[in-house]
Amino acid sequence: MSKGLRHVVVVGAGPAGLAAARAAAEAGARVTLLDAADGLGGQYWRHLPAARPAGREHVLHHRWSTFGELSGALRANPAVTVVESAQVWSLERPDGGIRLNVLVGEPDAVGRAVLVLEPDALVLATGAHDRTLPFPGWQLPGVYSAGAAQALAKGERVAVGRRVVVAGAGPFLLPVASALLWTGATVVGVHEAAGPGALARGWLSRPWELAGAAGKAGELAGYVGELARHRVPWRPGEAVVAAHGDGQVEAVTIARLDERWAPVAGTERQVEADAVCVSHGFTPRLELAVAAGCALSPSRFVVVDDAQATSVPGVWAAGEITGIGGADAALAEGAVAGTAAAGGDLGVVRVAVRARARARGFAARIEAAHGVRGGWVRWLRDDTVVCRCEETTYGRVREVVELTGSHETRSVKLTSRAGLGPCQARMCGRTLQELLGDAPGGDSDAGGTAPGVDRRPLVVPVRLGDLASLPSTSASTSP
Ligand SMILES: Cc1cc2nc3c(=O)[nH]c(=O)nc-3n(C[C@H](O)[C@H](O)[C@H](O)COP(=O)(O)OP(=O)(O)OC[C@H]3O[C@@H](n4cnc5c(N)ncnc54)[C@H](O)[C@@H]3O)c2cc1C
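Numbering (this note's numbering), first residue to last: 648 to 1126.
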């Protein structure tokens, strides 16, 4: 591989990263594609490992052939180095440049290979993880984030339970229910928090614009048909407001919600289930973008221009870290970002630029219809755990606010310990901010552009031995 070419590193091999890596290579760059997972595809194309291939993997995926085409093109291109199981655990800015510290190998293994990269250009395509609002009993075994349940179903063909309730908000609940059905689980019901009014406002306004997203609409229609065939009810304007059980989920309480997502008194009913999968949208994985110094929008996404360039010279971003738009948006943004990062001509990716505009319209509809509304706080009780790592309750958070008079996330975190545990506020950070009514950026940041709860200098826990084995020079090591 030529060392004279511009070196573009792409972090994340989901739809956005795969498209970015291919576009950058086609624009003439030397490309290194890194992903912490042991396979390519990200969340959308998560699949069984090569050592245990499925006979009919495509049945669980949309655009499976696009994945085959992208990954095949990357593996066949000598200008591209694909490194799987490559966890970027920190990003530094030596003399204004970019340095990525990477560990390659099994996530918790001893003696993982150390890789230090100093690319000419960086594309961040680190995606998102799903967000779960707390409710009484959500710390019981048997309560899963919908993303975890889907990962087990798609990546291991394991069902999280026999009788499973799916709840939360957004179209993502449908593929989760579908994946559970494929693994043999009985899906008792899908409960969508958005009510008919919000759904109509989000999805039925300017219907002609949806013609450009015919593929996505077809995908949704497929899921709806599948739920109907299995007689799975899909109920808008409802939520799981409590889980019950003795050491394991045995039942959940479901309630109707008003337009603000506050439970309507008297509508509660109990449903037997041994698992519940909950997701209320997505939270972008911003650690590397924050470490690079990228500006964030008030709604906490990486700000990019038309070429997907961030506010930091040499750093581009694509996919869910720039907004929740689905796989089509991620693919289009990736193609634009990769081309731009390689110094290529954006005219070459005109089709992607148009697809990006259509996909962004789709994202705006998702937010209008399914975006979290503040009334959910009404299903909390004082003993409801808000931070599962530190077991901080809603009552304790309220008490701290009362005692200190502070509504600042940082101050309440330090006093109540919410958000200070092993997940470093990945699960509860946004929740805490909403409960406190703090600005989205946290730490009294009115503009919302400060790192707030998303600053994690170490992206994942790292062994001291791995730190000790870091090269002392700034020289970039292979690939
Ligand atoms: C759990 C989950 C399940 C989803 N399932 C569906 C679905 O079934 N259908 C659907 O239409 N949409 C689904 N979505 C939404 C869909 O994933 C996105 O629309 C699309 O995959 C976004 O693509 P992306 O490339 O931006 O990110 P992703 O596909 O999330 O890819 C990001 C990649 O970055 C890697 N990464 C992140 N940080 C690092 C790091 N520090 N070092 C190395 N690698 C890193 C991750 O391992 C991941 O592979 C899901 C989202 C989530 C969070």
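All residues carry an ideal CB built from backbone N, CA and C; glycine is no exception.
- In this structure, DSSP gives residue 674 a state outside helix and strand, which the three-state scheme calls coil.
- In the DSSP annotation of this structure, the continuous segment of the alpha helix (DSSP H) that includes residue 1013 starts and ends at 997-1017.
- Take the alpha-carbon of residue 757 and the one of residue 812: they are about 38 Å apart.
- The beta carbon of residue 917 is closer than 6 Å to those of 898 and 900 in its chain, skipping five residues each way along the sequence.
- Residue 745 is not bridged by DSSP to any residue.
- Closest option to residue 823, judged by alpha-carbon separation, among 767, 748, 851 and 867: 867.
- The stretch 1047-1067 and the stretch 1008-1026 do not touch, with fewer than 3 CB-CB distances between them shorter than 8 Å.
- Counting C-beta atoms within 10 angstroms of its own C-beta, residue 674 has 16 or more neighbours from the protein chains shown and is therefore classed as buried.
- Under a 10 Å Cβ-count criterion, residue 797 is classified as buried, with 16 or more other Cβ atoms of the shown protein chains found around its own Cβ.
- For the pair residue 1053 and residue 1059, the Cα-to-Cα distance works out to about 7 Å.
- Ligand 1 approaches residue 967 closely enough that one of its heavy atoms is under 7 Å from the residue's Cβ.
- When the five nearest sequence neighbours on each side are left out, the beta carbons in the same chain lying within less than 8 Å of the beta carbon of residue 996 are those of 670, 982, 983 and 986, in order along the chain.
- In this structure residue 832 does not touch residue 804 by the C-beta definition: roughly 11 Å separates them, more than the 8 Å allowed.
- The shortest C-alpha to C-alpha distance from residue 843 to any of 1080, 908, 740 and 773 is the one to 908.
- DSSP places residue 885 outside any alpha helix (DSSP H); the residue lies instead in the beta strand (DSSP E), whose first and last residues are 885-891.
- Around the CB of residue 690, 16 or more other CB atoms lie within 10 Å, so the residue is classed as buried.
- A residue is called buried when at least 16 other Cβ atoms come within 10 angstroms of its Cβ; residue 947 meets this threshold and is buried.
- Within the model, the alpha-carbon separation for residue 741 versus residue 942 is close to 19 Å.
- Classified as exposed, residue 754 has fewer than 16 neighbouring CB atoms from the shown chains inside 10 Å of its CB.
- For the pair residue 966 and residue 658, the Cα-to-Cα distance works out to about 11 Å.
- Rounded to whole angstroms, the Cβ separation of residue 828 and residue 837 is 11 Å, and the two are not in contact under 8 Å.
- Contact check for residue 1033 against residue 1079 passes: the beta carbons are separated by less than 8 Å.
- For residue 791, the enclosing beta strand (DSSP E) has its first and last residue at 790-792.
- Checking the 7 Å criterion, the Cβ of residue 766 is out of range of every heavy atom belonging to ligand 1.
- Within the stretch 822-857, the complete beta strand (DSSP E) segments of 3 residues or longer fall at 833-839, listed in chain order.
- By alpha-carbon distance to residue 726, the top candidate from 653, 770 and 783 is 653.
- For residue 1032, DSSP records a beta bridge to 1040.
- As a beta-bridge residue in DSSP terms, residue 771 pairs with 658 and 964.
- Taken in chain order, the whole alpha helix (DSSP H) runs of length 4 or more contained in the stretch 1050-1081 are 1056-1063.
- Per DSSP, residue 916 is one residue of the beta strand (DSSP E) stretching across 916-919.
- At a cut-off of 7 Å, the beta-carbon of residue 694 does not count as near ligand 1: no heavy atom of the ligand is closer than that.
- Look at residue 773: its beta carbon is less than 7 Å from one of the heavy atoms in ligand 1.
- Here residue 763 is bridged, per DSSP, to 748.
- Taking all protein chains in view, the Cβ of residue 718 is crowded by 16 or more other Cβ atoms within 10 Å, so the residue is classified as buried.
- Just measuring C-alpha positions, the residue of 776, 748 and 771 sitting nearest residue 760 is 748.
- With a cut-off of 7 Å, the C-beta of residue 916 is classified as distant from ligand 1, since no heavy atom of the ligand falls inside that distance.
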